[in-house]
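Listed in order, the protein sequences are those of chains C and H. Quick note on the working numbering: the first sequence kicks off at 1 and runs consecutively. Quick note on the working numbering: the second sequence kicks off at 1 and runs consecutively. Glycine included, C-beta positions come from ideal geometry on N, C-alpha and C.
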Amino acid sequence: MAQRVADSERGARKIRAPRFAMALPAWIWFVFFFSIPVLWIVYYSFGYKPNIFKTIATDKLSFDRYSEALSPEFLHVFKQTLQISLIGTLLTLLIGFPFAYWLATRVAPRWRGVLLGLVIVPFFVNFLVRTVGWLILLAPGGPLSTLLQKWGIRDEPLHLLQTRGAVQLGVVYNYLALMIFPLFVALDRLDPAMREASKDLGASRWKTFRQVTLPLASPGIVAGLLLVFIPLTGDYITAAVLGGAKGNMAGALVASQFTTAQNWALGAAQAVILIIMILGTVTVFALVGLAIRWLARRSRRITVPLTVEAAR
Amino acid sequence: MTKKDEQFLNILASPAAAQRMSRRAFVSGSVVAAFSGGFLLAACGGDEETPGGTSGATSATGSTGAPAELEDQLNFYHWAEYDDPALFKRFTQEFGPSTKIDVYASNEEAIAKLTAAAGSSGYDIVVPTGVFIPLMVENDLLEELDLSKIPNFANIEAVYTNQPWDPNNVHSVCKDWGSTGWIIDKKQISTPITTWQDFIDVGMNEASGNVSVLDAPNELAGLYFWANGIDWTTEDTADYDAYEAFMVSDFASHIKAFDSYPGVALTQGNYALSQVWNGDARQGLNAVDNPDDYEWGLGAPETELWMDNWCIVKGATHPEAAHAWINFILDPDNSLQDLEFHGYNTGITGVKEAAEAAELPFLDLVFFDEAQVATFRAGAVNSSLDRQVEIYNKIKAAAGG
């Protein structure tokens with residue numbers, strides 16, 4: 001009897017909890033709110049805009065929207081977007097890494113939480129509001145411009161707003177924290193004993209950094225690069241608020257096709273191109289990264305027997 | 001009442017629109033916030049005389065000053081910075097419905113969005129430019145107005161009623177009308193500008209990289225056509241080819257921004273030269289400390305004539321409140337207060353005299369003389385509309401280069 005109860009319990013448990021059940025909500029979410037809409041966008045990108053009162057028609061499918069989206073005027077915006085996002089991602093890494101390193105290795109553990117909290121503080125303010133804040137700060141008649149003129153650093157008002165530079169500055173500001181977090185986590189997990197061991201074995205600081213810290217932090221760096229690069233490339237708020245005519249980005253282009261021009265087919269085609277551009281860039285950099293790692297390992301493999309021989 | 005009064009308004013806006021909306025709101029230190037309707041004064045709604053409420057023309061349901069019968073909300077789909085926020089507040093206090101505003105930058109944008117929503121947009125009031133109304137009616141985007149609920153309609157000067165695009169005001173009543181010109185920052189520009197051609201020349205030289213144009217497809221086309229002596233209602237594709245070629249290859253690279261409200265941004269000193277609507281220019285001159293540094297010029301030799309109109313959106317869920325608002329805003333005192341804010345002629349009988357008596361500043365930007373009005377040209381919504389939008393998008397993309 002007891003045996004049978006135990007059996008049936010085990011059986012019931014098996015039925016009640018298939019292994020994928022825990023992931024089911026996420027799957028449903030992704031399929032319905034990600035995959036299907038994206039496929040829909042791809043489908044729409046083959047349509048056209050029949051007239052001012054209709055946003056989309058799909059009775060005739062063609063690649064025409066793609067050739068439109070890749071016309072020189074629009075292509076230029078895609079190139080510019082890639083430039084802004086690559087520079088922006090690199091800048092967040094260059095600014096974020098020293099900070100994360102300092103936070104993880106030089107700051108007393110009890111202060112780390114506080115400092116990390118300070119990095120999060122801007123996130124309590126809406127993205128758009130933060131960006132509009134820069135609009136006021138950078139305006140030719142704004143506080144920064146006034147101060148620079150007062151101190152005699154500049155003779156005339158600051159004309160940074162509505163330039164590519166303003167967008168570059170805005171995206172670095174808006175995405176810096178997304179770089180710092182994964183970097184900090186990776187560097188924080190790094191056992192200080194590793195660096196000490198490296199030092200004890202005679203490695204210089206630079207060599208320790210290059211051969212111990214950096215490889216061990218690389219998952220964090222890759223996560224940070226992806227976390228920043230992907231949303232940054234698709235960002236349109238920063239460009240729409242700070243960019244003016246010059247700092248246009250592909251995200252803003254897509255948004256303006258959907259909202260202002262209401263040409264959903266062209267907007268969809270531009271969105272698809274943007275997605276392909278992001279995937280392509282990530283793939284290229286991933287391949288380059290893998291190649292570098294392979295080369296680095298190979299070069300290390302050669303040095304080992306040499307040192308062994310020298311030791312003899 | 002001055003603009004310094006605390007203004008609370010609930011605003012839903014796209015990022016681009018929010019930028020325009022919030023510039024001044026932020027600079028003046030007031031934070032965008034919600035005010036929920038009529039919680040204080042709705043109970044004693046009868047004590048302020050309801051505008052026009054004494055008229056026997058009101059319907060049997062008796063809309064006369066009875067806030068209880070109005071819905072509790074009113075949603076505007078509106079141009080930015082287009083009514084005195086204090087008036088929205090007063091409307092809520094007197095009649096009850098709280099107001100929400102969502103903004104658009106061009107008629108094309110508004111029409112496309114309303115069409116996409118097919119009667120379920122949630123908006124009650126929209127303010128299209130007159131020439132767009134016939135197409136909107138044809139596509140079933142507008143409700144008919146019940147003029148018996150708008151007794152203050154009688155306050156509008158006859159010349160501004162019964163317009164060609166809406167005979168007998170079945171779907172619309174005049175909100176205000178105005179024109180397009182430019183505003184120059186004299187600290188940065190020394191060349192005098194007297195025509196649209198000058199505007200283009202200076203824009204490509206002295207003001208290069210520092211010029212803003214309206215973020216609207218038709219006025220952008222107008223800029224070129226007015227400068228070149230072409231009727232801006234042209235449907236000739238050759239005209240549009242020339243416009244596209246010039247703007248995309250020659251002019252676009254000199255544009256700093258596509259901004260429908262450069263006047264509002266005047267305090268920030270972003271542009272040396274801007275294409276601007278007269279009321280927006282006036283708002284800017286009112287806001288800056290040194291208006292003498294700037295110069296307004298009315299477009300020449302020809303320029304735009306537009307009239308924006310109060311309309312009720314098809315499928316509006318708060319029609320009573322919408323009618324009450326239109327009636328409220330057509331009250332002469334409210335109209336004058338609104339004019340003081342937005343700087344456009346509201347077409348209400350006696351509003352010019354009242355504005356002069358009140359010694360409002362910069363009235364030459366609000367009221368135009370006969371010689372000026374003779375150069376005004378109403379636009380048209382015709383077969384070239386799609387082409388206009390298409391070229392406008394190309395210019396925008398090209399301007400990034």
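Does DSSP classify residue 294(H) as helix, strand or coil? Judged by DSSP in its simplified three-state form, residue 294(H) adopts strand.
At the level of alpha carbons, what is the spacing between residue 361(H) and residue 274(H)? Whole-angstrom Cα-Cα distance: 21 angstroms.
Assigned secondary structure, residue 89(C) (DSSP; H/G/I helix, E/B strand, else coil): Correct three-state label for residue 89(C): helix.
Run down chain C in chain order and give the residues with a C-beta less than 9 angstroms from the C-beta of residue 115(H). Within chain C, the residues near residue 115(H) are 52, 53, 54, 55, 262.
Measure from the C-beta of residue 267(H) to each C-beta in chain C and report whether the shortest distance is under 8 angstroms. Closer than 8 angstroms: yes.
To the nearest angstrom, how far is it from the Cα of residue 133(H) to the Cα of residue 165(H)? So the alpha carbons of these two residues sit roughly 6 angstroms apart.
Who are the Cβ neighbours of residue 74(C) in its own chain at under 8 angstroms, not counting the five residues just before and after it? Here the set comprises 68, 253, 270.
Determine the direct distance from the alpha carbon of residue 50(C) to that of residue 59(C), and round the result to whole angstroms. Taken atom to atom, the span from the alpha-carbon of residue 59(C) to that of residue 50(C) is near 10 angstroms.
Can you check DSSP and say which residues form a bridge with residue 78(H)? Bridge partners of residue 78(H): 103(H).
What first and last residue would you give for the beta strand (DSSP E) that runs through residue 275(H)? For residue 275(H), the enclosing beta strand (DSSP E) stretches over residues 273-277.
So with CB distances below 8 angstroms, who are the chain C contacts of residue 156(H)? Near residue 156(H) there are no residues of chain C at all, since even the closest Cβ is about 29 angstroms away, more than 8 angstroms.
Coil, strand or helix - residue 249(C) by DSSP: Collapsing the DSSP output to three states places residue 249(C) in coil.
So, using beta-carbon positions, are residue 379(H) and residue 325(H) closer together than 8 angstroms? Result no, Cβ atoms of residue 379(H) and residue 325(H) do not sit closer than 8 angstroms.
Here's the rule: buried if 16 or more other CB atoms are within 10 angstroms of the residue's CB, otherwise exposed. What is residue 47(C)? Classification of residue 47(C): buried, given that the 10 Å Cβ count is 16 or more.
Quick one: list the residues of chain C neighbouring residue 394(H), beta-carbon separation under 9 angstroms, in chain order. Going along chain C in sequence order, the residues near residue 394(H) (Cβ under 9 angstroms) are 71, 73, 74.
If residue 323(H) and residue 176(H) are in contact, beta carbons under 8 angstroms, what's the gap, nearest whole angstrom? Wrong, their Cβ atoms sit about 19 angstroms apart, outside the cutoff.
Determine the direct distance from the alpha carbon of residue 238(H) to that of residue 248(H), and round the result to whole angstroms. Straight-line Cα distance between these residues: approximately 15 angstroms.
How big is the Cα-Cα spacing for residue 180(C) and residue 100(C)? C-alpha separation (whole angstroms): 6 angstroms.
What's the C-alpha gap between residue 200(H) and residue 276(H)? For the pair residue 200(H) and residue 276(H), the Cα-to-Cα distance works out to about 14 angstroms.
Just how far apart, CA to CA, sit residue 403(H) and residue 89(C)? This structure does not reach residue 403(H), given that chain H is present from 1 up to 401, and the question cannot be answered.
Check whether the Cβ of residue 400(H) lies closer than 8 angstroms to any Cβ atom in chain C. When Cβ-Cβ separations below 8 angstroms define contact, residue 400(H) makes contact with chain C.
Where does residue 133(H) sit, in a helix, a strand or coil, going by DSSP? In the three-state DSSP reduction, residue 133(H) falls in the helix class (H, G or I).
Tell me which same chain residues have a C-beta within less than 6 angstroms of the C-beta of residue 5(H), skipping the five on either side of it? At residue 5(H), the pLDDT of 45 sits below 50, so the modelled position is not reliable and the matter cannot be decided from this model.
Cross-strand partners of residue 304(H) (DSSP beta bridge): Under DSSP, residue 304(H) forms a beta bridge with 377(H).
Same chain, Cβ closer than 6 angstroms to residue 84(H), five either side skipped, listed in chain order: Around residue 84(H): 337, 338, 341.
Where the alpha helix (DSSP H) through residue 383(H) begins and ends: For residue 383(H), no alpha helix (DSSP H) segment is defined, and its DSSP state is neither H nor E.
Between which residues of its own chain and residue 85(C) is the CB-CB distance below 7 angstroms, once the five residues before and five after are set aside? Excluding five sequence positions before and after residue 85(C), the CB atoms of its chain that fall closer than 7 angstroms to its own CB belong to 229, 232, 233, given in chain order.
List the whole-angstrom C-beta distance separating residue 195(H) from residue 227(H), where the pair is believed to meet the contact cut-off of C-beta under 8 angstroms. Rounded, the Cβ-Cβ distance is 7 angstroms, consistent with contact.
I'd like to know whether the C-beta of residue 313(C) is nearer than 8 angstroms to at least one C-beta of chain H. Past the boundaries of the shown model lies residue 313(C); chain C is included only from 1 to 312, so the question cannot be answered.
Kindly say whether residue 292(H), judged by its beta-carbon, lies nearer than 8 angstroms to any beta-carbon of chain C. No, its Cβ sits nowhere closer than 8 angstroms to a Cβ of chain C.
Can you grab the Cα-Cα spacing for the pair residue 166(C) / residue 271(H), in whole Å? Roughly 16 angstroms separates the two Cα atoms.
Which residues in the same chain have their Cβ closer than 6 angstroms to the Cβ of residue 407(H), if we skip the five residues on either side of it in sequence? The question about residue 407(H) has no answer here: the residues shown for chain H are numbered 1 through 401.
Between the CA atoms of residue 152(H) and residue 331(H) - distance to the nearest angstrom: Roughly 6 angstroms separates the two Cα atoms.
Looking only at DSSP bridge pairs, what is residue 178(H) linked to? In the DSSP secondary-structure assignment, residue 178(H) is bridged to 306(H).
In the DSSP assignment, the beta strand (DSSP E) including residue 255(H) goes from what residue to what residue? Unbroken beta strand (DSSP E) run through residue 255(H): 255-258.
Tell me, please, whether the CB atom of residue 258(H) is closer than 8 angstroms to any CB atom in chain C? True, the Cβ-Cβ gap to chain C drops below 8 angstroms.
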